[in-house]
Each structure stands twice: as structure tokens, then as C-alpha cells.
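Some notes on the structure that comes next.
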Amino acid sequence: MTDTTPRRRAPAMSTEQRRAMIVAAALPLVAERGAAVTTSQIARAAGIGEGTVFRVFADKDELLDACVTEATDPGHVLRELASISLDDPLADRLAQAVEALRAHLERMGAVIGALHGTGHRLERRGRQGEESVGQAPQSGGRAQEGRPGGGGASRGREASMRAIHEAMVELIEPDRAALRLEPEKIASVFMGMLFVRPQAASGGVEASPEELVDILLHGTLKTPGSAA
Numbered sequence: 001m002t003d004t005t006p007r008r009r010a011p012a013m014s015t016e017q018r019r020a021m022i023v024a025a026a027l028p029l030v031a032e033r034g035a036a037v038t039t040s041q042i043a044r045a046a047g048i049g050e051g052t053v054f055r056v057f058a059d060k061d062e063l064l065d066a067c068v069t070e071a072t073d074p075g076h077v078l079r080e081l082a083s084i085s086l087d088d089p090l091a092d093r094l095a096q097a098v099e100a101l102r103a104h105l106e107r108m109g110a111v112i113g114a115l116h117g118t119g120h121r122l123e124r125r126g127r128q129g130e131e132s133v134g135q136a137p138q139s140g141g142r143a144q145e146g147r148p149g150g151g152g153a154s155r156g157r158e159a160s161m162r163a164i165h166e167a168m169v170e171l172i173e174p175d176r177a178a179l180r181l182e183p184e185k186i187a188s189v190f191m192g193m194l195f196v197r198p199q200a201a202s203g204g205v206e207a208s209p210e211e212l213v214d215i216l217l218h219g220t221l222k223t224p225g226s227a228a
């Protein structure tokens with residue numbers, strides 16, 4: 001018997017949804033191949049025709065710029081930080097924050113490093129304008145939803161760092177009474193420790209999240225005051 005039941009069509013994607021889908025498919029390819037990736041390869045990864053790429057992006061450079069914007073968008077890590085339970089012990093909260101922030105830095109570094117290494121000029125911006133690169137969502141509560149917007153690239157990096165700092169202060173705040181320093185200062189020290197990565201000259205030794213948190217909260221002396 002022939003099935004005559006009418007089939008529902010999947011709703012058509014908006015331009016922004018299609019752009020986001022293409023960028024998501026492109027990111028791992030860009031991180032691996034940099035500017036050497038082709039739009040044909042990206043289209044295959046996205047499961048679309050190459051012509052569809054050029055219906056939403058003016059050219060390959062605009063697509064690569066959109067990948068940079070997505071990789072540097074702090075919205076992802078802010079949402080992860082906001083999802084950490086304030087009921088967890090402070091050390092556990094901070095260790096989870098280390099993992100979230102390191103993943104953000106590695107993702108950003110992989111994309112930007114690959115593009116830089118293959119000659120893509122990162123200062124070029126697509127149709128959305130320079131303002132869109134590296135911006136932070138507006139602060140205001142732990143949810144931290146939304147996309148970047150407003151200000152230049154430099155101001156965007158500053159806004160991103162401020163938003164991450166504010167999120168870290170919120171993670172530390174429940175233990176304010178037990179701490180010798182205010183949460184704002186501890187958050188600054190924490191970010192300073194985390195954002196400086198080991199160099200080749202140091203052997204590339206990197207502390208685990210738990211070790212980094214232990215150093216932050218307890219220092220490196222076996223007995224406090226023993227080396228005073």
C-alpha cells in the first residue's frame with residue numbers, strides 16, 4: 001500500500017542559522033589547515049553544496065573571519081562558568097573553571113595560530129565589521145547569554161577579560177569570609193596564573209587544574225611560613 005501521508009518539510013534555516021552551521025563545520029578544519037582549507041572541503045563537512053557557502057558569505061576570507069569571531073567569542077566559556085554549581089567546594093569550583101578556560105584558550109589558539117601560520121591576515125574583517133571580533137556578551141548575572149557586539153577589537157578583548165573576571169568573582173564570592181584576600185583580587189591572580197602558558201624553555205610543564213588551584217589557595221610551601 002502506498003503511503004499517502006503528507007510529509008512535513010523541515011523549516012528552512014535563516015541566514016544566521018546557516019552561517020552558524022557552516023562556521024561550526026569549518027572550525028575544526030580551520031584549526032587543522034588554517035587558510036589552506038578550501039570552501040569545497042568546508043561545504044562537504046557541512047553537508048551542503050559549495051554554492052550555499054557563497055550565498056551567506058561574500059568570500060572565503062569573510063568565512064575565515066567568522067571562524068575567528070566564533071573561536072574568540074567568550075560566550076561559550078562564560079556559559080560553562082555559569083553552569084558550575086556554587087554549592088561545590090571552592091577548590092572544585094576553581095578546578096572546573098581551569099578546565100573550561102583552558103579549553104577556551106586552546107580552541108582560540110588553534111584557530112588563530114593555524115590562520116596566522118598560513119598567512120591569513122587576522123586584522124581583516126568581514127561584513128559584520130571590526131566591532132564583532134572578540135567581544136564579550138553584556139554582563140549581568142550568571143547566565144551570560146548573547147553574542148558579541150559594540151566597540152573595537154581591542155576594547156572587545158578588554159570586555160571579554162572583564163566578563164571572565166566577573167564570572168570568576170561570582171564563583172569565589174560564596175567563600176569570601178574564609179579568604180585572606182577579596183574575591184576580586186583572587187580572581188585577578190587566578191587569571192594571571194592561568195593565562196600565562198608554559199614556554200618551551202621551561203620544558204612545557206603545565207600544572208594540572210588541581211595543582212594550579214592548590215597553589216592558588218595554599219601556595220607552594222610544604223609548611224606555611226617555613227621559608228620566611
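Under UniProt numbering, the first residue of the sequence shown carries the number 1, and numbering increases by one thereafter.
Cβ coordinates follow ideal geometry from the N, Cα and C atoms, glycine included.
Residue 39 sits in a helix when the DSSP states are folded into three classes. Note that the C-beta distance between residue 184 and residue 196 is not below 8 Å. With a contact defined as Cβ atoms closer than 8 Å, residue 209 and residue 98 qualify at about 4 Å. Separation of residue 222 and residue 211 (C-alpha to C-alpha, rounded to the nearest whole angstrom) is 13 Å. For residue 19 and residue 61, the gap between their C-alpha atoms comes out near 14 Å. Judged by DSSP in its simplified three-state form, residue 89 adopts coil rather than helix or strand.
Between the C-alpha atoms of residue 178 and residue 39 there is a straight-line separation of about 54 Å. Within the same chain, 91 come within 7 Å of residue 217 by CB-CB distance, once the 5 residues on both sides are set aside. Annotation: residue 64 to residue 33 spans about 12 Å, alpha carbon to alpha carbon. Nearest to residue 69 by alpha-carbon distance, out of 52, 156, 206, is 156. Around residue 182, the same chain offers 176 as residues with beta carbons nearer than 8 Å, after the five sequence neighbours per side are excluded.
Between residue 52 and residue 66, the beta carbon gap of about 15 Å keeps them out of contact (Cβ cut-off 8 Å). Distance between residue 22 and residue 219, taken at the CA atoms: about 46 Å. Rounded to the nearest angstrom, the gap between the Cα atoms of residue 27 and residue 47 is 14 Å. If you look at residue 205, you'll find it isn't in any alpha helix (DSSP H); DSSP assigns it neither H nor E. Restricting attention to 54, 74, 158, 166, the CA atom closest to the CA of residue 105 is found in 74.
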